[in-house]
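Input: a single structure, listed below in structure tokens.
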């Protein structure tokens, strides 16, 4: 495996794992491979105390994996499988909601990870419901449901943005899809949109990607 970032490592590790079991998974996550070696070099020159955090935060646009369309020799496949196992073990060690988040947000887009999607969105539903219940605002039931929809679209948009660099659900489209009166967006919904973008970035990613980054550092440290 080529380790470019914690996000990419999760994607490739599960893709390798599924492929080894005979499932069809595209290991090439993008057709272009930009040169971000300078960025990675600067990260690895940092002090050990800050290296893991910087590696976790390093996010090239999209997932970039080497083209494995050529035939791999047995040694290469074995090495990839071992390295994938290290990453998967780190993901599986995470508690919820971090484990299902890591798999759903950064694993291959495949039906084999649908259970993780279900677990993550169940947690998300419960989290939003709890915050609504403790809110000082007395929202109407229709507004409460729209808030939950806004949060769901926000999470989907975050996943798209950090993996492809594209906003698939900008706030203007969320307003349209949730049938929100534009003049009510700032009063009732914008804070939820901003809050859960921060939850993805500062809570879910920080914990899950930080753990994976540490496993990557430990793995690369063993390479002579």
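Residue numbers (the numbering used here): 208 to 431.
Note that CB positions come from ideal geometry on N, CA and C, so glycine has one too.
Does the pairing of the region 389 to 407 with the region 292 to 300 give three or more beta-carbon distances under 8 angstroms? Because the criterion of three Cβ pairs below 8 angstroms is not met, the region 389 to 407 and the region 292 to 300 do not touch.
contact_flag[the region 372 to 382, the region 325 to 341] where n(CB pairs < 8 angstroms) is 3 or more: Between the region 372 to 382 and the region 325 to 341, the count of C-beta pairs closer than 8 angstroms stays below three; the two stretches do not touch.
Write down the C-beta distance between residue 224 and residue 291 rounded to the nearest angstrom, noting that I regard them as a contact closer than 8 angstroms. For the purposes of this step, residue 224 is taken as residue 17 along the chain shown, with counting starting at 1. For the purposes of this step, residue 291 is taken as residue 84 along the chain shown, with counting starting at 1. 6 angstroms between Cβ atoms; contact.
Hey, out of 387, 321, 390, 311, whose CA is closest to residue 362's CA? Here residue 362 refers to the residue found at position 155 when the chain shown is read from its first residue. Cα-wise, what sits closest to residue 362 is 311.
Return yes when the Cβ of residue 315 is within less than 7 angstroms of the Cβ of residue 211, no when it is not. Mapped onto the chain shown, residue 211 falls at position 4. Mapped onto the chain shown, residue 315 falls at position 108. Cβ atoms of residue 211 and residue 315: not closer than 7 angstroms.
Quick one, are the C-beta atoms of residue 301 and residue 415 less than 7 angstroms apart? The residue labelled residue 301 in the question sits at position 94 within the chain shown. The residue labelled residue 415 in the question sits at position 208 within the chain shown. Yes, these two residues count as a Cβ contact at 7 angstroms.
Excluding the five sequence neighbours on either side, which residues of its own chain have a C-beta within less than 8 angstroms of the C-beta of residue 320, listed in chain order? Here residue 320 refers to the residue found at position 113 when the chain shown is read from its first residue. Scanning its chain for C-beta atoms nearer than 8 angstroms, with the 5 sequence neighbours on each side dropped, one finds around residue 320 the residues 221, 310, 311, 314, in chain order.
Let me know if residue 215 comes out buried or exposed under the rule of 16 or more other beta-carbons within 10 Å of its beta-carbon. Position 8 of the chain shown, counted from the first residue, corresponds to residue 215. Label assigned to residue 215: buried.
Are the CB atoms of residue 351 and residue 385 nearer to each other than 7 angstroms? In the chain shown, the residue the question calls residue 351 occupies position 144. In the chain shown, the residue the question calls residue 385 occupies position 178. Between residue 351 and residue 385, the gap from beta carbon to beta carbon reaches 7 angstroms or more.
Contacting residues, own chain, Cβ-Cβ under 8 angstroms from residue 358 (five flanking each side not counted): For this step, residue 358 is matched to residue 151 along the chain shown. Non-local C-beta neighbours of residue 358 in its own chain, meaning closer than 8 angstroms and more than five positions away in sequence, comprise 331, 335, 399, 400, 403, ordered along the chain.
So, with DSSP's three-state summary, where would you put residue 422? In the chain shown, residue 422 corresponds to position 215, counting from 1. In the structure shown, residue 422 falls within a helical segment according to DSSP collapsed to helix, strand and coil.
Do you know how far the Cα of residue 213 is from the Cα of residue 392? As a first step, residue 392 is located in the chain shown; it is residue number 185 there, counting from the start. As a first step, residue 213 is located in the chain shown; it is residue number 6 there, counting from the start. Approximately 34 angstroms between the Cα atoms of the pair.
Cβ of residue 387 within 7 angstroms of Cβ of residue 360? By one-based count along the chain shown, residue 387 stands at place 180. By one-based count along the chain shown, residue 360 stands at place 153. No; because the gap between Cβ atoms is not below 7 angstroms, this pair is not in contact.
Within the same chain, show all residues whose beta-carbon is closer than 8 angstroms to that of residue 245, passing over the 5 residues directly before and after it, in chain order. Within the chain shown, residue 245 is the residue found at index 38, counting from 1. Note that residue 245 has pLDDT 45, beneath the 50 cutoff, so the model's placement of it is unreliable and the number below is only indicative. In its chain, beyond the 5 residues on either side, no residue has a beta carbon closer than 8 angstroms to the beta carbon of residue 245.
Residue environment, residue 420, which counts as buried when at least 16 other CB atoms sit within 10 Å: As a position in the chain shown, residue 420 is number 213, starting the count at 1. For residue 420, the number of other beta carbons within 10 angstroms of its own is at least 16, and it is reported as buried.
Short of 6 angstroms in beta carbon distance, which residues of its chain neighbour residue 323, apart from the five on each side in sequence? Order them along the chain. Within the chain shown, numbered from 1, the residue matching residue 323 stands at position 116. Excluding its 5 nearest sequence neighbours in each direction, residue 323 has C-beta neighbours in its own chain below 6 angstroms: 307, 310, 311, listed in chain order.
Drop a sphere of 10 angstroms on the beta-carbon of residue 370, count the other beta-carbons inside from all chains shown, and report buried for 16 or more, exposed for fewer. The residue you call residue 370 lines up with position 163 of the chain shown. Answer is buried; the Cβ neighbour count reaches 16.
State the Cα-Cα distance for the pair residue 286 and residue 356, rounded to the nearest angstrom. Taking the chain shown and counting its residues from 1, the one referred to as residue 286 is at position 79. Taking the chain shown and counting its residues from 1, the one referred to as residue 356 is at position 149. Note on geometry: alpha-carbon atoms of residue 286 and residue 356 lie some 43 angstroms from one another.
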